[in-house]
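Numbering (my numbering), first residue to last: 22 to 344.
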Amino acid sequence: MFNMTRRMVLGSAAAAAAFGIAGKLEFAPAAHAETPVEPLVGFYKYKVGSLEVTAVYDGIWRKPHDPAFIKDVSVDDTKAALAKAGLTTEFMPIPLTVVVLQMNGRTIMMDAGSGVGQWQANATHLPANMKAAGIDYKAIDTILISHFHPDHVWGLMEKGTNDPVFPNAELIVNATEYNWWTDPSRLAKLPEGRKPAGKRIAENFPKWKNWKLVADGAEVVPGIRLMAAPGHTPGHSVYHVDAGAEQFLVSADTMYVPALLAPHPEWQGSYDQDGPMAIATRHRIIDQVIADNVRICGSHFPFPGTGSFVKDGNAYAFTPTQI
């Protein structure tokens, strides 16, 4: 439970939107009549209650189709789900949006993006789009981390040197996530494919003094509460924001590809460290979002990374915000 009273969701996001363009952005071939692979705008501003939200586009992973991406699900089935959602089927589109909140005089970034050229070749837009949105990195005083996967935290480190990008910002994370990845015995236990990321985290994050480790349910800043949402990683967390007349949930990777996981919430992604737990968490979080009329954003939702869910039997239907 979110342990809060029911409130109304935001009406038309478009009425409160502002647009910005930064960098060269690409589109899917028009002949497919699909949603563009990359957005026309680099940032998108909207209001949720008293809260000003800026969605900033980092980029996209044009992931080659892989039968191991979803456990026991064929590529044909994943392509069918993408097509039904109006998305390209040439590859698995995994966009990444970083959300910045202006709240109580603070500039709060939710995760740090993937770092220019550190995750995917098509994920390099964050610095230019932040600038276009009028956000100065130096003004970011708080970063709330959902989990330690590279697309969410490589932006904390400079490419090559691993120096901290935000040495003066408070970095807040679920203690379970931090302790799991920095456990001295962890590296030897990781699968080979995850060892490079685990090594980089273990060698650099413990050196920094600006971490604040918190527990499930902690109010991390006034009006924002961390909620444990494990399964994707051991300490994966979402953040609930009390925006006055409305509520907002930064859901990170709970429902990371809605085109696949909304109609098939029982599908286990290969990047979920505990598939059954991730499924249980997904149902718990999305059911409560629907019950409490909570506005939601997700790191890998189609840009601008927000939309709405409704129940569809034992599954869900997702409508992304159009801009």
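Heads up, the beta-carbon is just placed ideally off N, CA and C, and yes, glycines get one too. Predicted model, so just to flag it, every value in this text is computed and none were measured.
Within a 10 Å sphere around the beta-carbon of Ser320 sit 16 or more other beta-carbons, which makes this residue buried.
Met151 carries a helical assignment under DSSP once its states are collapsed to helix, strand and coil. Here Glu191 carries a strand assignment [DSSP, helix/strand/coil]. When Cβ pairs closer than 8 Å are counted between the two stretches, the segment 302 to 311 is seen not to touch the segment 105 to 112, the count staying below three. Within the segment 190 to 222, complete alpha helix (DSSP H) segments of at least 4 residues are found at 196 to 203, 207 to 210, given in chain order.
DSSP, reduced to helix, strand and coil, places Lys159 within a helical segment of the structure shown. Looking at the DSSP output, Ala336 bridges to Asp333. Measuring C-alpha to C-alpha distances from Phe269 to each of Ala239, Gly328, Ser291 identifies Gly328 as the nearest.
Counting only the Cα atoms, Arg316 lies some 14 Å from Ala76.
By the 16-neighbour rule on beta-carbons within 10 angstroms, Pro212 is exposed.
About 6 Å separates the Cβ atoms of Gly290 and Ile91, confirming a contact at the 8 Å cut-off. Arg127 and Ile166 have their alpha carbons spaced roughly 16 Å apart. Look at the segment 75 to 143 and you find these whole runs of alpha helix (DSSP H), each 4 residues long or longer: 96 to 105. By the neighbour-count criterion, in which 16 or more other beta carbons inside 10 Å mark a residue as buried, Thr182 falls on the exposed side.
Contact annotation: the segment 156 to 166 touches the segment 175 to 194, with at least three C-beta pairs closer than 8 Å.
Residue environment for Lys105: exposed (fewer than 16 other C-beta atoms within 10 angstroms of its C-beta).
In the three-state DSSP reduction, Asp293 falls in the coil class, being neither helix nor strand. Within the same chain, Val259, Ile317, Gly319 come within 6 Å of Ser272 by CB-CB distance, once the 5 residues on both sides are set aside.
Straight through space, the alpha carbons of Arg83 and Trp232 are spaced by roughly 32 Å. For a cut-off of 8 Å, the C-beta gap from Pro251 to Met298 is around 6 Å, short enough to register as a contact.
Per DSSP, the continuous alpha helix (DSSP H) segment holding His173 begins and ends at 171 to 174. For Ala280, the enclosing alpha helix (DSSP H) covers residues 279 to 282.
In the three-state reduction of the DSSP assignment, Glu240 falls in the strand class, which pools E and B. In the structure shown, Pro341 adopts extended strand secondary structure according to DSSP, grouped into three states. Between Ala196 and Ala236 the beta-carbon gap is near 6 Å, inside 8 Å, which marks them as a contact. The C-alpha of His173 is placed about 15 Å away from the C-alpha of Pro255.
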